[in-house]
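Undergrad: Following this message is one structure expressed as structure tokens.
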Amino acid sequence: MFKKPTLTTTLIVIVGFLTLCPVIMLLLGSFSADFVSFGQFTTIKYVEAYTDPDFAAILWNTVLFTGGSALVATLLALFLAYVNTRTDLPFKFIFKVIAIVPMMIPHILFSVSWVLLLNPSNGTLNRLLMDLFGLKEALFDIYTLPGMILVEGLLDLPIAYLIIAPAMSAFDVSLEESSKVCGASNLRTLMKVTLPVLRPAILASAILVIVRSLASFAVPSVIGMPGRIYVLSTHIYRNIATGFAADFGKAAAIGMSALAASITLIYVYRYLTSESGKFVTISSRGFKPTMIKLKKGKYPLFIVVGFLSFILILLPVMVLFYTSMLPYSMVPSAKAFAMMSWDNWTEVLSDPISLLSLKNSLFLGVVGATIGTTLSIFVSYVIVKVRSTASGILESLSFLSFSFPGIVIGVGFMWFFVRTPIYGTITALLIGYIATYLPYGIRPISSAFVQIHSHLEESSRVCGATPFYTMRRIVIPLLIPGIVSGWILMASMFLRELTLSVVLSRPGTEVLAVQILNFAEDGLWGPLSALGIIMIFISSILVIIAAVLGKKLSKMEVMN
Amino acid sequence: MKKMLVLLLSLVLICGSFGAALAAEKINFYANITAIEPIIDDFNSSHTPGAIYTRISTSKYLATVLTEFSAGKLRADVLQSPLPIMQILKEKGVLAPYKSAAAAGYPTWAQEDDSIIQFGIEYVAPIYNKDLVKPEDVPTRYEDLTDPKWYNKMVMPDPASHATTISWLVGMKEAKIFGDDAGWMKFLKGLAANKPMFVKSFGPTPAPIESGEKVLGISMPKYIISKAPAPLAWAKVDTLLGTPRGIAVAANASDPKAAQEFVDYWLSKNAMQLLASQVGEYVLAPGVFPPIDGISTVKVLPIRSLSDDEIRSWGKEFRKIFYEK
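For the record, the sequence lines run as chains A and B.
If you're matching positions, the first sequence starts at 148 in this note's numbering and goes up one per residue.
If you're matching positions, the second sequence starts at -13 in this note's numbering and goes up one per residue.
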């Protein structure tokens, strides 16, 4: 469509600049004998990092944690995406929103909510079950590896959902119809036709969740550390925290293994989806996704989905609201209900720093996601449609910053930005956010791109359309579900971004997540929960606006 | 395509002006101590142009300050952190010499250094939930924490990785709280046998105690003030230990006189009174105590600054004791 080599090179330069700079600084830091990126050369940090006797056990825990989280998130996303896009389940709109709610919640708060629900001493759900069934001991213990996997899987569910749902909705019905004509049941068609064709989206979601959970710190620190279960990110933290002179160079040395794992996963993904023609479902023949009639199964399935959504997602949010009304952490009791007030809300809404944070985060969410999504469209185009060695490099580059554990990459950006005039400004945050979370835009858009046959662009060109006209009138309208997903993922991520912000934000550029962290470090769970709910509310509004706008744009283009 | 990319870059650059304005003339105060807004507000109400508080967590403090310093972009005019960090900063040439007259009444050991003035102690104590622990069960000695009745009922920062907790445990050995090393080791093993829940630092210790998930913990008495009306109280052992907190003027302060003025204010009885009464901090200004029952009479001792090598070495030892299966 465009002059492909020029486009690929330009994008490699832009994306490479954005993501390589902090990684190079971290690489330098990992070989520096000093606390900063430039110091006397040493390999001692690598030697110490990889000869630690605990490292093998930590790697095994990490494999189980990331793999388990990817499994939970992807299976749940597949189920929810299927019922939401392909069936006549009632009140689907609600479930569509519920599936992406965890994306809007600060991870530390979601983890704490689950601790309040399922800790073995006095977790509310555990107590309820003990009272109901006369049990002597708690049924569940959140401070275990399965507990960590459940919570991380739920937190990453929106990533998986927002990648799989657009692919599911763009599915060409004729493939399934052919299967049914040949006598296959709905289930067999799903297993033999639908899921195999969705392989790029399923793999993309699993890989993204693995990479994200590899970098995750909230769940491993809030749930894993009390259970004495260490994964890579908490192992890095333990290395940094043991001593006052935190050595981020050594942390970077450990983080290099996460980077290597992520790049390997990207190449595995490219190999497994290399025959892209297999996954095309939108060609010049036209398509229309069909709804499967659930008939008698409609309401039982509604109850199942509703119950799952309530237990897994709504209940933790309700715990947040409950906490926001209390002066301190309390289990539900008559005393707790008597002490409820709006004091935390008043405190947060009258705090000038919280209000400034709100304004800055909103700006970063809207502007950052818009720039990030635009860049992602071009990058996805090259990754999917060019498929050369250079496009493989571009894809790997886009994952570089994303692959590093959060507590490390923020320092990499600080080491880089401090040498530029934008250090301490909101632009530094904006660039850091886009560079780090580019895969959130690229993955859903790429998954949607994979399904569009190049015949469509070729036909447009044959009719005399310019590349831009073809992009605007043919490709982008078909990509709108993917673009909306990418924008939502980026905007809600930027609204609650913590790991970079905590290092880069300065007076005047405070953001919501840093304010939340400050409340968390002071143990002020009431104001923290209130601010968290405000964050969820703002994200929800943005999501609804994006979804409605996406729907309108799709319709307009179809009418034109 | 090119137009589109130029547009993108322009948008990013335009954003550069947004929020970039920083009141450069104000005193920049980098601190790891939290909840000090009342003191900054009080300073700003009586001093022009005032001060800006930049909060930096302990784990990122040194990395941030040294990165900015080595790039010639350290924004801080005044720095505050635990003493071991301040000592590293002094070694690296980040701090300027300054002896404040406002520290005149402070203990001699707190003002021996020519750059760093120690103004408080990050004091640690057994904290309990007074709604859930009966008065007769409240520990009165550290040894009481090893009583099996507290099995699975305690919370503390990870003694294998949290630097302040490691220093505190070593400080108990050096202060001979248990008489001899054998007594100290018996305490450690007894504490470990009670399987305390580990969290990453002191910050998350009060929440499980106030919610009743745990009833007792090794935490900080300041939370009794900052988390009121949570049912928290401290077990009145006879000696408390903690890492000293230091403050100093930055070597490259944009206005050294203004920075010194801020340090003088910080060390004044008025500011220390605010720090004690509103934040619950233990301060070294004579006659100033946090409004916590019994704190004015308890012996509070500063612990020795351990080097990072010592902290790592002790961390490994404590891992063997506390992580034993």
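Cβ atoms here follow ideal geometry from the backbone N, Cα and C, with glycine treated the same way.
Does the distance from the C-beta atom of L202 (chain B) to that of V119 (chain B) stay below 8 Å?
TA: Your numbering for residue 202 (chain B) matches position 216 in the second sequence. Your numbering for residue 119 (chain B) matches position 133 in the second sequence. Yes, Cβ-Cβ distance for L202 (chain B) and V119 (chain B) is below 8 Å.
Undergrad: Give the residues of chain A in contact with E54 (chain B), contact being defined as C-beta atoms less than 7 Å apart.
TA: On the second sequence, residue 54 (chain B) is found 68 positions in, with the first residue counted as 1. V565, listed in chain order.
Undergrad: For A9 (chain B), which residues in the same chain have their Cβ closer than 6 Å to its Cβ, ignoring the five residues on either side in sequence?
TA: Numbered from 1 along the second sequence, position 23 holds the residue referred to as residue 9 (chain B). Reliability fails at A9 (chain B), whose pLDDT of 43 lies under 50, so the model's placement of it is uncertain and the value that follows must be treated cautiously. The answer is none, since no qualifying residue turns up.
Undergrad: Once the 5 residues before and after M251 (chain A) are set aside, which same chain residues still bring their CB inside 6 Å of it?
TA: Here residue 251 (chain A) refers to the residue found at position 104 of the first sequence. Answer for M251 (chain A): S639, I683 and S686, listed in chain order.
Undergrad: Nearest-angstrom Cα distance between P624 (chain A) and A228 (chain A)?
TA: What you label residue 624 (chain A) is simply residue 477 of the first sequence in a count that begins at 1. What you label residue 228 (chain A) is simply residue 81 of the first sequence in a count that begins at 1. So the two alpha carbons sit approximately 21 Å from each other.
Undergrad: Helix or strand or just coil, what does DSSP make of Q598 (chain A)?
TA: Position 451 of the first sequence, counting from 1, holds the residue named residue 598 (chain A). Coil.
Undergrad: Quick one, which residues of the segment 380 to 404 of chain A are near chain B if we go by CB-CB under 9 Å, in chain order?
TA: Residues are counted here when their Cβ sits less than 9 Å from a Cβ of chain B; for the segment 380 to 404 of chain A these are T381, Y384, R385, N386, I387, A388, T389, G390, F391, A392, A393, D394 and F395, given in chain order.
Undergrad: Going straight from the alpha carbon of Y416 (chain A) to that of L342 (chain A), what length do you get?
TA: If you number the first sequence from 1, residue 416 (chain A) lands on position 269. If you number the first sequence from 1, residue 342 (chain A) lands on position 195. When rounded, the distance between both Cα atoms is 16 Å.
Undergrad: Which first and last residues belong to the beta strand (DSSP E) in which K285 (chain B) is found?
TA: Here residue 285 (chain B) refers to the residue found at position 299 when the second sequence is read from its first residue. The continuous beta strand (DSSP E) containing K285 (chain B) extends over residues K285 to P288.
Undergrad: At least one CB of chain B closer than 8 Å to the CB of W562 (chain A): is that the case?
TA: Against the first sequence, residue 562 (chain A) aligns to sequence position 415. So, interface residue.
Undergrad: Less than 8 Å between the C-beta atoms of V51 (chain B) and I233 (chain B), yes or no?
TA: Reading the second sequence from its first residue, position 65 is the one you call residue 51 (chain B). Reading the second sequence from its first residue, position 247 is the one you call residue 233 (chain B). Result no, Cβ atoms of V51 (chain B) and I233 (chain B) do not sit closer than 8 Å.
Undergrad: When you compare each of A:G670, A:T389 and A:L263 to I211 (chain B) by their alpha carbons, which one comes out closest?
TA: The residue you call residue 211 (chain B) lines up with position 225 of the second sequence. The residue with the shortest Cα to Cα distance from I211 (chain B) is A:G670.
Undergrad: Output, in chain order, the set of chain C residues within a Cβ distance shorter than 7 Å of D490 (chain A).
TA: Within the model displayed, chain C is absent; protein chains A and B are what it includes.
Undergrad: With a 10 Å radius around its C-beta and 16 neighbouring C-beta atoms as the bar for buried, classify L419 (chain A) as buried or exposed.
TA: The residue labelled residue 419 (chain A) in the question sits at position 272 within the first sequence. Exposed: under 16 other Cβ atoms inside 10 Å.
Undergrad: Can you tell me which of B:A179, B:G198 and B:L48 puts its alpha carbon nearest to the alpha carbon of D117 (chain B)?
TA: Position 131 of the second sequence, counted from the start, is the residue given in the question as residue 117 (chain B). The option with the nearest alpha carbon to D117 (chain B) is B:G198.
Undergrad: In this structure, how does DSSP classify Y416 (chain A) when only helix, strand and coil are distinguished?
TA: On the first sequence, residue 416 (chain A) is found 269 positions in, with the first residue counted as 1. It is helical.
Undergrad: Note the first and the last residue of the continuous beta strand (DSSP E) segment covering L231 (chain B).
TA: For this step, residue 231 (chain B) is matched to residue 245 along the second sequence. Note that residue 231 (chain B) corresponds to Arg in the displayed sequence, not to Leu. Start and end: T225 to V235.
Undergrad: Identify, in the order they occur along the chain, each residue of the same chain with its Cβ nearer than 7 Å to the Cβ of L642 (chain A), setting aside the five sequence neighbours on each side.
TA: Taking the first sequence and counting its residues from 1, one reaches residue 642 (chain A) at position 495. The answer, listed in chain order, is S508, G512, L659, M682, I685 and S686.
Undergrad: For I311 (chain A) and R359 (chain A), I'd like the C-alpha separation in whole angstroms.
TA: For the purposes of this step, residue 311 (chain A) is taken as residue 164 along the first sequence, with counting starting at 1. For the purposes of this step, residue 359 (chain A) is taken as residue 212 along the first sequence, with counting starting at 1. When rounded, the distance between both Cα atoms is 16 Å.
Undergrad: If I measure Cβ to Cβ from A82 (chain B) and keep anything under 6 Å in the same chain, skipping five residues before and after, which residues do I get?
TA: Sequence index remark: in the second sequence, residue 82 (chain B) carries index 96 (1-based). Sequence-distant partners of A82 (chain B) (beyond 5 residues in either direction) whose C-beta falls short of 6 Å from its own C-beta, in its chain, are V235 and A237.
Undergrad: With a floor of 4 residues, list each alpha helix (DSSP H) that falls wholly inside the segment 266 to 332 of chain A, ordered by position along the chain.
TA: 271 to 280, 292 to 316 and 320 to 328
Undergrad: Could you tell me how far apart the beta carbons of G270 (chain A) and L264 (chain A) are, in whole angstroms, since I believe they sit closer than 8 Å?
TA: Within the first sequence, residue 270 (chain A) is the residue found at index 123, counting from 1. Within the first sequence, residue 264 (chain A) is the residue found at index 117, counting from 1. Indeed, because the Cβ distance is near 5 Å, the residues count as touching under 8 Å.
Undergrad: Restricting to Cα atoms, I'd like to know which of B:A62, B:I42, B:T20 and B:I22 is closest to S240 (chain B).
TA: Residue 240 (chain B) sits at position 254 when you count from the first residue of the second sequence. Among B:A62, B:I42, B:T20 and B:I22, the Cα nearest to that of S240 (chain B) is on B:A62.
Undergrad: Skipping 5 residues on each side, what residues in its chain have a beta carbon closer than 8 Å to that of M438 (chain A)?
TA: Sequence index remark: in the first sequence, residue 438 (chain A) carries index 291 (1-based). R233, T234 and D235, listed in sequence order.
Undergrad: Under 8 Å, Cβ to Cβ, is there at least one residue of chain B near L165 (chain A)?
TA: Counted from its first residue, the first sequence places residue 165 (chain A) at position 18. Chain B, which has no Cβ nearer than 8 Å to the Cβ of L165 (chain A), makes this no.
Undergrad: In angstroms, rounded to a whole number, what distance separates the CA positions of P143 (chain B) and V369 (chain A)?
TA: Counting from 1 along the second sequence, the entry for residue 143 (chain B) is found at position 157. Counting from 1 along the first sequence, the entry for residue 369 (chain A) is found at position 222. Distance between the alpha carbons of P143 (chain B) and V369 (chain A) is about 12 Å.
Undergrad: Is the beta carbon of V661 (chain A) less than 8 Å from the beta carbon of S523 (chain A)?
TA: For this step, residue 661 (chain A) is matched to residue 514 along the first sequence. For this step, residue 523 (chain A) is matched to residue 376 along the first sequence. Not closer than 8 Å, so no.
Undergrad: When the Cβ atoms of the segment 382 to 401 of chain A are set against those of the segment 192 to 206 of chain A, are three or more pairs found closer than 8 Å?
TA: yes
Undergrad: Taking the alpha-carbon of A516 (chain A) as reference, which of A:G579, A:F564 and A:I450 has the nearest alpha-carbon?
TA: Position 369 of the first sequence, counted from the first residue, corresponds to residue 516 (chain A). It is A:G579 whose Cα lies nearest to the Cα of A516 (chain A).
Undergrad: Report the rounded CA-to-CA distance for K208 (chain B) versus A694 (chain A), giving the unit in angstroms.
TA: As a position in the second sequence, residue 208 (chain B) is number 222, starting the count at 1. As a position in the first sequence, residue 694 (chain A) is number 547, starting the count at 1. One C-alpha to the other measures close to 47 Å.
Undergrad: Going by DSSP in three states, I163 (chain B) sits in which element: helix, strand or coil?
TA: Translated into positions along the second sequence, residue 163 (chain B) becomes position 177. In this structure, I163 (chain B) counts as coil in the three-state DSSP scheme.
Undergrad: Quick check on the burial criterion: 16 or more other C-beta atoms within 10 angstroms. Buried or exposed for F615 (chain A)?
TA: Within the first sequence, the letter at position 468 stands for residue 615 (chain A). That one is exposed.
Undergrad: Which of helix, strand or coil does DSSP assign to E303 (chain B)?
TA: As a first step, residue 303 (chain B) is located in the second sequence; it is residue number 317 there, counting from the start. Looking at E303 (chain B) - three-state DSSP - the assignment turns out to be helix.
Undergrad: Pull up the CB-CB distance for T583 (chain A) and L675 (chain A), whole angstroms please, since I reckon it's below 8 Å.
TA: Position 436 of the first sequence holds residue 583 (chain A). Position 528 of the first sequence holds residue 675 (chain A). So it is not a contact: roughly 24 Å between Cβ atoms.
Undergrad: With three or more C-beta pairs closer than 8 Å as the rule, is the segment 558 to 571 of chain A touching the segment 521 to 537 of chain A?
TA: Contact between the segment 521 to 537 of chain A and the segment 558 to 571 of chain A is absent: fewer than three C-beta pairs spanning the two stretches fall below 8 Å.
Undergrad: Count the CB pairs spanning the segment 119 to 130 of chain B and the segment 19 to 36 of chain B that are closer than 8 Å, and state whether there are at least three.
TA: no
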